[in-house]
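These notes concern the structure reproduced below.
Number of protein chains: 2
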Amino acid sequence: MENPENPKQVGRRSFLKGGLMGGVALAGAATAGKAMAAGDPLITEVQDWNRYLGDGVDANPYGTPSQFEAHVVRKNVPWLTSDAISSINFTPLHALDGIITPNGLCFERHHGGVAVIEPTAHRLMINGLVDKPLVFTMDDLKRFPRENKVYFLECAANSGMEWRGAQLNGCQFTHGMLHCVMYTGVPLRTILAEAGVKTEGRWLLAEGADASAMTRSIPMEKALDDCLVAFGMNGEALRAEQGYPLRLVVPGWEGNMWVKWLRRLEVGDKPWQQREETSKYTDLLPDGKSRRFTWAMDVKSVITNPSPQAPIKHGKGPLVLSGLAWSGQGTIKRVDVTLDGGRNWHTARLDGPSLPKALHRFYYEFDWDGSELFLQSRAIDEQGFIQPTKDQLRSVRGSNSIYHNNGIQTWYVNKDGGIENVEIS
Amino acid sequence: MENPENPKQVGRRSFLKGGLMGGVALAGAATAGKAMAAGDPLITEVQDWNRYLGDGVDANPYGTPSQFEAHVVRKNVPWLTSDAISSINFTPLHALDGIITPNGLCFERHHGGVAVIEPTAHRLMINGLVDKPLVFTMDDLKRFPRENKVYFLECAANSGMEWRGAQLNGCQFTHGMLHCVMYTGVPLRTILAEAGVKTEGRWLLAEGADASAMTRSIPMEKALDDCLVAFGMNGEALRAEQGYPLRLVVPGWEGNMWVKWLRRLEVGDKPWQQREETSKYTDLLPDGKSRRFTWAMDVKSVITNPSPQAPIKHGKGPLVLSGLAWSGQGTIKRVDVTLDGGRNWHTARLDGPSLPKALHRFYYEFDWDGSELFLQSRAIDEQGFIQPTKDQLRSVRGSNSIYHNNGIQTWYVNKDGGIENVEIS
Numbered sequence: 001m002e003n004p005e006n007p008k009q010v011g012r013r014s015f016l017k018g019g020l021m022g023g024v025a026l027a028g029a030a031t032a033g034k035a036m037a038a039g040d041p042l043i044t045e046v047q048d049w050n051r052y053l054g055d056g057v058d059a060n061p062y063g064t065p066s067q068f069e070a071h072v073v074r075k076n077v078p079w080l081t082s083d084a085i086s087s088i089n090f091t092p093l094h095a096l097d098g099i100i101t102p103n104g105l106c107f108e109r110h111h112g113g114v115a116v117i118e119p120t121a122h123r124l125m126i127n128g129l130v131d132k133p134l135v136f137t138m139d140d141l142k143r144f145p146r147e148n149k150v151y152f153l154e155c156a157a158n159s160g161m162e163w164r165g166a167q168l169n170g171c172q173f174t175h176g177m178l179h180c181v182m183y184t185g186v187p188l189r190t191i192l193a194e195a196g197v198k199t200e201g202r203w204l205l206a207e208g209a210d211a212s213a214m215t216r217s218i219p220m221e222k223a224l225d226d227c228l229v230a231f232g233m234n235g236e237a238l239r240a241e242q243g244y245p246l247r248l249v250v251p252g253w254e255g256n257m258w259v260k261w262l263r264r265l266e267v268g269d270k271p272w273q274q275r276e277e278t279s280k281y282t283d284l285l286p287d288g289k290s291r292r293f294t295w296a297m298d299v300k301s302v303i304t305n306p307s308p309q310a311p312i313k314h315g316k317g318p319l320v321l322s323g324l325a326w327s328g329q330g331t332i333k334r335v336d337v338t339l340d341g342g343r344n345w346h347t348a349r350l351d352g353p354s355l356p357k358a359l360h361r362f363y364y365e366f367d368w369d370g371s372e373l374f375l376q377s378r379a380i381d382e383q384g385f386i387q388p389t390k391d392q393l394r395s396v397r398g399s400n401s402i403y404h405n406n407g408i409q410t411w412y413v414n415k416d417g418g419i420e421n422v423e424i425s
Numbered sequence: 001m002e003n004p005e006n007p008k009q010v011g012r013r014s015f016l017k018g019g020l021m022g023g024v025a026l027a028g029a030a031t032a033g034k035a036m037a038a039g040d041p042l043i044t045e046v047q048d049w050n051r052y053l054g055d056g057v058d059a060n061p062y063g064t065p066s067q068f069e070a071h072v073v074r075k076n077v078p079w080l081t082s083d084a085i086s087s088i089n090f091t092p093l094h095a096l097d098g099i100i101t102p103n104g105l106c107f108e109r110h111h112g113g114v115a116v117i118e119p120t121a122h123r124l125m126i127n128g129l130v131d132k133p134l135v136f137t138m139d140d141l142k143r144f145p146r147e148n149k150v151y152f153l154e155c156a157a158n159s160g161m162e163w164r165g166a167q168l169n170g171c172q173f174t175h176g177m178l179h180c181v182m183y184t185g186v187p188l189r190t191i192l193a194e195a196g197v198k199t200e201g202r203w204l205l206a207e208g209a210d211a212s213a214m215t216r217s218i219p220m221e222k223a224l225d226d227c228l229v230a231f232g233m234n235g236e237a238l239r240a241e242q243g244y245p246l247r248l249v250v251p252g253w254e255g256n257m258w259v260k261w262l263r264r265l266e267v268g269d270k271p272w273q274q275r276e277e278t279s280k281y282t283d284l285l286p287d288g289k290s291r292r293f294t295w296a297m298d299v300k301s302v303i304t305n306p307s308p309q310a311p312i313k314h315g316k317g318p319l320v321l322s323g324l325a326w327s328g329q330g331t332i333k334r335v336d337v338t339l340d341g342g343r344n345w346h347t348a349r350l351d352g353p354s355l356p357k358a359l360h361r362f363y364y365e366f367d368w369d370g371s372e373l374f375l376q377s378r379a380i381d382e383q384g385f386i387q388p389t390k391d392q393l394r395s396v397r398g399s400n401s402i403y404h405n406n407g408i409q410t411w412y413v414n415k416d417g418g419i420e421n422v423e424i425s
C-alpha cells in the first residue's frame, strides 16, 4: 500500500511503530482505538485535502474506484488455461465485504471470448415443442412483468484445483469463481407460457450467441420454477462479459448453465447431451464412470479474511474473521468456525439479508493470542445439508474430479500473521 | 440508440415497421413476442459475434459497462450551481432497475470538491464529553464488529426545484439525488461506547476532512440507534466521491448529515448550530421563520419508467410502468399508481427485498390504449404516512423552501408517447 512516489503520503510505520501516537493500549480486550497523542501531525495539522478544494463532479460521469484501491481487481492465473480467450479471472473475495459483488469485480469465464452485441440487433428465439415459435427483441422482453432477485453465481469448477490438494494461495483463486448480484429479468416461465409448451416438452435447450455457442439442457421443472431471462444486474444493464444484453439466470445451479448472450430456447422431450454436459461439467469417478447432471451447487463456505492475500498485520488482540457461505438449496442456517483445525467449533454471526440462493456474510470476532491457527468454516443450509471435508468428498468421488468441490477450506496462520492454503487430515 | 456510424448495426425500424418479421401480433393482450419470420437475417444468418472469437479476460481487470450503455451516466445541470466544485450530479434513475445503485452511478454532491485521502493517513478522532478521547486509524476501525445494511441516501434538496412548479424534465434531475447501496461499517454506538459518553453528552458533532469541513449536529438518540461509521459500499471500499475512506451513515435522514471523509466526532450537550443546519438545510416558511432540524426524509415515490428521458417508443399495448418508493421511517407498505391524474388509483406490485430505510421497487403493468396519460405514484410507509401532493405541501410550507419536497410527481404522456414534467391541480 505504501507508495514512495507520493510525497504527500505519511509513512504508516513511523506512526504505528515509532510511537508518535503513544501506542497506549486502553483497557478492555475489544479496544482497538488509541489514546490521543498531542504530537500527531495527522490530528494537529491541517492536511492538504482539508486546505485545498478537491475535484468537482464533472470529470468522471461513470465513477471508478479510489486510486488507493487499484489493487482490488479481478485476476487470472496464466498457467491455468492455455489462452486468455477461453479463460477465467477471479473475484477478489479477500478485498470485499457484505454480499453484493460490484459489477466491475464479478469473475469472468469465457469459452469463446466476449461477444459484443448491439442490443437492437439481438433476438431471442423460442422454438421446438411449442405451440407458437416466437422471436423477441430486447424491447419486446421489457414489456413483460419483471422480477428483481439477489442470487449467487458459482462456476462448477470453483475450487476445482483443490481436489488434488492445496494448490492456489488465496481465496480469490480457490473460491473466486463466485459472485452475487441483484438480477432484473422476466421469469422464464412467462416466456414459455407465451410460446405454449407442448405436453411432451420436458427439456429446454439454452443457446448463447457467442463464438462458443454455449448450449446446455435444462429440465422443464427448473425452467418453470425460478429461472429468469435477465437483462439487468445491480440496477444497470448486464455487463458485456456477463452476457449483455441477455443471459439466463438458473438460481443455485452451476454457472455454466446461466447461458450468456442468450439467443435461443428450444423445447424438447429429452436432454441434448451437448459437449458441456457430457465430456465437460461432469465428475469422473474412481471407477471410470462420470456423474451426470450435477446441477445444484452444494452448501459451501470460505473464510475470506484473514486469508493468504489478507494476512494479519495488526498483531495480537481483537480480530475480525469474516467469510461467505452459500447453498444452491436455499438459505444458510448456520456457519461454524474453528481456529484449531476442527477440534473446537464456534457458531459464527450471520449478518445482512438472508436470501435464498444468495451469498451470506458471516463474522467471528476473537482475540488472537499470537499462536498458530488452522482456520476453517463449515456451512449448514436450511435443508440441513452440511459442508463436508475434502477427505469426505474424496472418499466418495476420488480425486479425478474438476467440478463441484464444496469441501472445507483450511488456512494456516503462522505466528507472524502470514497465511497459507494447507490441508489437514 | 441507433448509430449510423456502425455498419454492423441492423436498423431497427426496418424490422419493426418494414414488416420483415411479419408484424404478426399474436392473440392475447399481454403478447409482446412476434411470430418467427423465415427471412430475418438476425435469425437465419450467422452473426459476427457468433463467427469470431471475442476478447479474452485480461484486458479490463476492473470492468466497465457495455459500449452500448455509454448514455447511462450521472449528469449535472450546469445552470443549477455556480461552479462544478460545489455542485451536484444526478443518478440516472430512468435507466436503472431493482433497488441497488451501482457505485459508478451514485449521485455526487460536494461542498468543497472530492477530498483525496490515502487511507493509512486517515484518522477518526472522538473527543468532547467522553471518558477517553480516542484516535482511530482505518485499521483500528476494521477490528470492531461490523454490519452490512442496505439504505437509501437522499439529499434534502432532492426535488427542490419543484417547490416552484414543474421545472426539470426527467426523473434523473427531479429525483436523482438519491441512491441505495449495501453499506459495510461499524455501528456508531460501538465507537461511542469505546470512548465512553458522559451523562451530559446529548449531541454529536460529525466533521469531514474535506475542504468544506462539513459539520453537522446529530442527537445522541439517533447516534446510538442505527448509524454506521462506514468504509464499504456494495461490497468494495467507498468511492472517493462518497467519502473514501470513511463516511457516516445516518439511515433515513437527509444526505447532508452522512458526513463524508469523516475525521471527527465530538460529543456535546447541545447542538452546534453550524451553517449547514441553520442558514442551509432549513425550510423557510411563509411567515419568515425556518423549520429547524428537519432530519428524516419523508415517504416519497417517483415513476422512473416511462418518464421524460424514457418515453414510450413501442406504441399501444402492454406497458411496464416502474418506479421507486422510500421512507426515512422504515419500509414501504403500499404504492398506488394513477394514469389519469388521480381520478382512479391502482395498487402497484412491490418487488424485491423490502428493507427498512431502503429503496423499494414497484411495477404496474397495463395496456396503453394510445391516449394521453397523467401518471402519478403515491407511497404509503409502514408507519402509515402517505405521500402528499405538492399543493398539500405548499399549503403548509409555502413555496420558499428548497428542501424536503416529497410531493407527488406528475408526468404527462402525449399520444406519441412523449413525456413531460407537469403539475396538475
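Chains A and B, in that order, are what the protein sequence lines are. At position 407 of the first sequence the residue is numbered 407 (full-length UniProt numbering), and the sequence of numbers has no breaks. At position 249 of the second sequence the residue is numbered 249 (full-length UniProt numbering), and the sequence of numbers has no breaks. Ideal Cβ positions, reconstructed from N, Cα and C, are used throughout, including at glycine.
Residue closest to residue i, alpha-carbon to alpha-carbon, out of the options
i	options	result
A:N344	A:S377, A:Q329, A:K415	A:S377
A:V150	A:G384, A:M214, A:G185	A:G185
A:A325	A:I303, A:G341, A:P219, A:Y183	A:I303
A:A121	A:A193, A:D351, A:T137	A:T137
B:A70	A:E200, A:G255, A:Y62	A:Y62
A:Q409	A:D210, A:V396, A:I424	A:I424
B:E154	B:F385, B:N421, B:K300	B:K300
B:G39	A:V135, A:C227, A:M233	A:V135
A:P245	A:P353, A:D140, A:R202, A:E276	A:D140
B:L228	B:R397, B:R146, B:A156	B:R146
B:S66	A:N169, A:E241, A:E45	A:E241
Whole-angstrom distance between residue j and residue i, CA atom to CA atom
i	j	result
A:I117	A:G160	31 Å
B:L238	B:H404	26 Å
A:T31	B:L124	Annotation note: pLDDT 49 at A:T31 (below 50); position unreliable, no value reported.
B:G112	A:G56	8 Å
A:I419	A:C171	11 Å
A:S399	B:I126	55 Å
B:R51	A:V114	12 Å
B:L53	A:T81	16 Å
Where the beta strand (DSSP E) containing residue i begins and where it ends
i	result
B:I218	215-219
A:I43	Element bounds for A:I43: not the beta strand (DSSP E) but the alpha helix (DSSP H), 41-44.
B:R247	247-249
A:D140	No beta strand (DSSP E) holds A:D140; the alpha helix (DSSP H) holding it covers 138-141.
Reduced DSSP secondary structure (H/G/I, E/B, other) of residue i
i	result
A:S395	helix
A:T410	strand
B:D269	coil
A:Q376	strand
A:E108	strand
Where residue i meets chain A, residues with beta-carbon distance less than 7 Å
i	result
B:E108	V57
B:I117	W49
B:Y244	S66
For residue i, the first and last residue of its enclosing alpha helix (DSSP H)
i	result
A:W203	A:W203 -> not in any alpha helix (DSSP H); beta strand (DSSP E) instead, spanning 203-208.
B:F173	171-175
Amino acids of chain B, ordered along the chain, whose beta-carbon sits closer than 9 Å to that of residue i
i	result
A:Q274	Chain B residues near A:Q274: none, gap ~16 Å exceeds 9 Å.
A:L355	P353
residue 426 of chain A	Within the shown structure, residues of chain A are numbered from 1 to 425, placing residue 426 of chain A beyond reach of any answer.
A:V146	Note that residue 146 of chain A is Arg in the sequence shown, not Val. By Cβ distance, chain B contributes D97, V320, S322, D351, Y363.
Listed by chain order, chain B residues near residue i by CB distance under 7 Å
i	result
A:A240	S66
A:G235	L96, D97, G98, I100, T101, P102
A:S87	G56, V57
A:L192	Simply none; closest approach about 11 Å.
Proximal residues of chain B, C-beta to C-beta of residue i below 8 Å
i	result
A:K142	V320
A:R74	V57, P61, Y62, G63
A:K316	Here the premise fails: no neighbours, minimum Cβ distance about 11 Å.
CB contact below 7 Å: residue i versus chain D
i	result
B:T184	Included in the structure are the protein chains A and B, with no chain D among them.
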